[in-house]
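Residue numbers (our numbering): 79 to 167.
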Amino acid sequence: MYINRIGTFRDHPDLYGVSVYFQGCDAEPKCFMCHNPETWHISEKYKRDPEKVLEIIDEKLSRLLTHFKKVSLTLLGGEPLAPHNRGEL
Ligand code: SF4
79 MYINRIGTFR
89 DHPDLYGVSV
99 YFQGCDAEPK
109 CFMCHNPETW
119 HISEKYKRDP
129 EKVLEIIDEK
139 LSRLLTHFKK
149 VSLTLLGGEP
159 LAPHNRGEL
């Protein structure tokens, strides 16, 4: 899978959580006023091992859960469901 970044952000309307920004967008035409045009192109430098991605998500969610009763996991992009990400996602 192709990942731009993974962080603890406030992308959920109510909850703190972990956001996974996938890399590569297959939407044509691109959405008007897309917030993340830097995630459109695909390049091997963004390729990540899915097991490692899971580890990072798990570690960040676990850390947040020591402070909050409920947290979120947000998948965004780029396009998480584009063919180059879909299978491993
Ligand atoms: S990254 Fe998301 S919002 Fe931006 S053009 Fe692609 S599908 Fe649309």
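Virtual Cβ for every residue (Gly too), placed ideally from N, Cα, C.
**Message:** Is THR152 near the ligand GDP - that is, is its Cβ less than 7 Å away from at least one heavy atom of it?
**Reply:** For the ligand GDP, the structure offers nothing, since it holds only the ligand SF4.
**Message:** Closer than 7 Å to a non-hydrogen atom of the ligand SF4 - does that hold for the CB of LYS108?
**Reply:** yes
**Asked** Would you call the CB atoms of LEU167 and THR86 closer than 8 Å?
**Response** In this structure, THR86 does not lie closer than 8 Å to LEU167 by Cβ.
**Request:** With DSSP as the reference, please indicate the residues paired to LEU151 in a beta bridge.
**Result:** VAL96
**Asked** In terms of alpha-carbon separation, which member of ASP92, CYS103, GLU122, ARG126 lies closest to PRO115?
**Response** CYS103
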